[in-house]
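Report on the structure given below.
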Amino acid sequence: MNRQIWNVGLYRDSFQKDKYPSTRNVLQVFFHYHRKQNKTVPASSRLVAKAVHNIWLEKNRQPQKVPYISKKIGNLFSKWRKLLANRKKSQSCYKLKRQQWRDNLPVVFDVSRSESRFKSSKESLPETESVTNSIQDSELSDANSDWDDATSDYSEPLPKKQKIEPWKNEALTLLDRAMVTDTAASAILTATAVGLGLNTNSVASSRSSLYRRRTKVIEWLYVISYFQLTICKKNHQARVEQMENAQKEFSPSEAVVIHIDTKRMKKGVGLESEERLAVTTSGFGTEQIVGVPVIPTGTGKDIAQAVVKLLEEKGIENSIKGICYDTTAANSGIQNGSVVLLEKLIGRSLLRLPCRHHILELILEAVFTKVFSEKSSGPEITIFKRFQKEWPGINKGNFTTFTFFAFLVH
């Protein structure tokens, strides 16, 4: 147990009170507790951390707390173990790590707080005696022999650079919508930073950074969604109150026309659809929504029954003199149409006002088929689609007016 520690040196049972301990000194005392006194790594780290902490207090310095110093010593020991495991590897990268380790051994084991860092070696570190003892190349020197070099080359540690986060919340939200994991998102954003010419060392694109940032974005989205939902509820309540007040004040004239139309609508986002019937009335200067009830199906029977129920609830069944409807078979059928069934239910005939828009569509379809020899089978007409596509290349300054009547004569 008296042999030297690999790449550290001899064992030490304590520190010199008049000098700041170096990295080598810390490891020498640590191995004394760990190997000679058979203490665990955490226990050895705490004992060494307390001793280092007291030395810095005696020098009127503000050191870090003991748990932080203990953690730093544990990390130093873990690094030493990795170097020991790879000591026989001859690759250049391992040689470089071993050289950096040896260069760092005589440096002061800095445990000062950020606000009390050394401003310069002359102001803060005491003068030390020069070392006169020479050692052989096969032996590692003691930490005290390297103290002069450590103090002369000591400089204030550079402040840690703050990494930038160029990613907008929209990009992170898009990653969430695409269900991209944090690891995959880190790879994507790192490749994006390289493509944009950014220094990846200054960009926060690690998995942990993205996880924290995406968590904050999700929290803000929840907050925004909550306020939006609250506003929507208030607006909905206001519309309901406005509708109820309008229903209470509704007093139709002696003769009104009822308008009906059906529409299949979704109950909500991601929900199934349902059939609804819109019923309104119009008269002399008055228009009023009677209701928009849900009906089982869009057949004439269900439409007629829903209309009669609404009229009876509002007490205006005797004021209805006419009905406006579109020309679908569910409404205009001579046997099971909603208009015929409604007249039977109320016991009288109504003035029928089929929607002129639908009637004129049939007339226009016949004219279009006669003129262009192409029957319409959908919302997009082929000849008009081609015309729209060629429009940018047409000379709009040179045109001839088309005479429809002359075309019919020829």
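Residues 9 to 418 in the working numbering are what the sequence shown lists, from first letter to last.
Yeah, the Cβ is synthetic: ideal placement off N, Cα and C, and Gly gets one too.
For clarity, every value in this text was computed on a predicted model and none was experimentally measured.
- Judged by their CB atoms, Val-265 and Cys-332 are nearer to each other than the 8 Å cut-off.
- At a Cβ-Cβ threshold of 8 Å, Gly-17 and Val-49 do not count as neighbours.
- For Ala-59, there is no enclosing beta strand (DSSP E); the residue is part of the alpha helix (DSSP H) that begins and ends at 49–66.
- Of all C-beta pairs linking the region 181–200 to the region 216–230, three or more are shorter than 8 Å, placing the two stretches in contact.
- For the pair Leu-285 and Ile-268, the CB atoms are nearer than the 8 Å cut-off.
- Annotation: Lys-73 is outside any alpha helix (DSSP H) and is labelled neither H nor E by DSSP.
- Minimum Cα-Cα distance from Trp-14 among the listed residues Lys-67, Lys-87, Asn-253, Lys-25 corresponds to Lys-87.
- Rounded to the nearest angstrom, the gap between the Cα atoms of Lys-322 and Val-315 is 11 Å.
- Distances from the CA of Ala-57 to each of Pro-71, Ser-213, Lys-378, Asn-46 were compared; the closest alpha carbon is that of Pro-71.
- In the DSSP assignment, Ile-297 falls outside any alpha helix (DSSP H) and within the unbroken beta strand (DSSP E) covering 295–299.
- For Lys-80, the secondary structure class from DSSP, reduced to helix, strand or coil, is helix.
- Contact between the region 16–35 and the region 107–120 is present: three or more C-beta pairs spanning the two stretches fall below 8 Å.
- When secondary structure is reduced to three states using DSSP, Arg-121 falls in the coil class, being assigned neither helix nor strand.
- With distances taken between CA atoms, Phe-117 lies nearest to Val-34 out of Val-34, Glu-66, Lys-393, Ile-354.
- Residue environment for Tyr-234: exposed (fewer than 16 other C-beta atoms within 10 angstroms of its C-beta).
- In the DSSP assignment, Lys-322 falls outside any beta strand (DSSP E) and lies within the alpha helix (DSSP H) extending over 308–322.
- Secondary structure at Val-348: helix, using DSSP grouped into helix, strand and coil.
- Each residue's CA atom was taken as its position, placing Leu-182 and Arg-222 some 11 Å apart.
- In the DSSP assignment, Glu-280 falls outside any alpha helix (DSSP H) and carries neither an H nor an E.
- Note on geometry: alpha-carbon atoms of Ala-186 and Leu-229 lie some 16 Å from one another.
- The continuous stretches of alpha helix (DSSP H) do not include Asp-269, which lies in the beta strand (DSSP E) extending over residues 264–274.
- Its Cα nearest to that of Pro-301, the residue Glu-283 stands out among His-61, Lys-25, Gly-276, Glu-283.
- Of the residues assessed, Lys-27 falls on the buried side of the cut-off, its CB having 16 or more other CB atoms within 10 angstroms.
- For Arg-360, there is no enclosing alpha helix (DSSP H); the enclosing beta strand (DSSP E) covers residues 359–362.
- Considering only Lys-274, Gly-299, Ile-402, Leu-350, the residue with the shortest C-alpha distance to Gly-308 is Leu-350.
- Rounded to whole angstroms, the separation of the alpha carbons of Gly-276 and Val-379 is 44 Å.
- For Gly-203, there is no enclosing beta strand (DSSP E); the residue is part of the alpha helix (DSSP H) that begins and ends at 190–203.
- Beta-bridge pairing by DSSP links Tyr-333 to Pro-362.
- Here the alpha carbon of Gly-330 sits roughly 18 Å from the alpha carbon of Ala-338.
- Of the candidates Ser-327, Arg-32, Lys-44, Met-273, the residue whose Cα lies closest to the Cα of Arg-11 is Lys-44.
- For Glu-398, the uninterrupted alpha helix (DSSP H) segment begins and ends at 390–398.
- With a contact defined as Cβ atoms closer than 8 Å, Ser-327 and Glu-262 qualify at about 6 Å.
- Take the alpha-carbon of Thr-189 and the one of Ser-281: they are about 34 Å apart.
- Non-local beta-carbon contacts of Ile-63 in its own chain, meaning distances under 8 Å to residues more than five positions away in sequence, involve Phe-23, Lys-25, Tyr-28, Pro-29 in chain order.
- Counted as a single uninterrupted DSSP element, the alpha helix (DSSP H) harbouring Ser-100 occupies residues 100–112.
- Separation of Lys-393 and Asp-310 (C-alpha to C-alpha, rounded to the nearest whole angstrom) is 40 Å.
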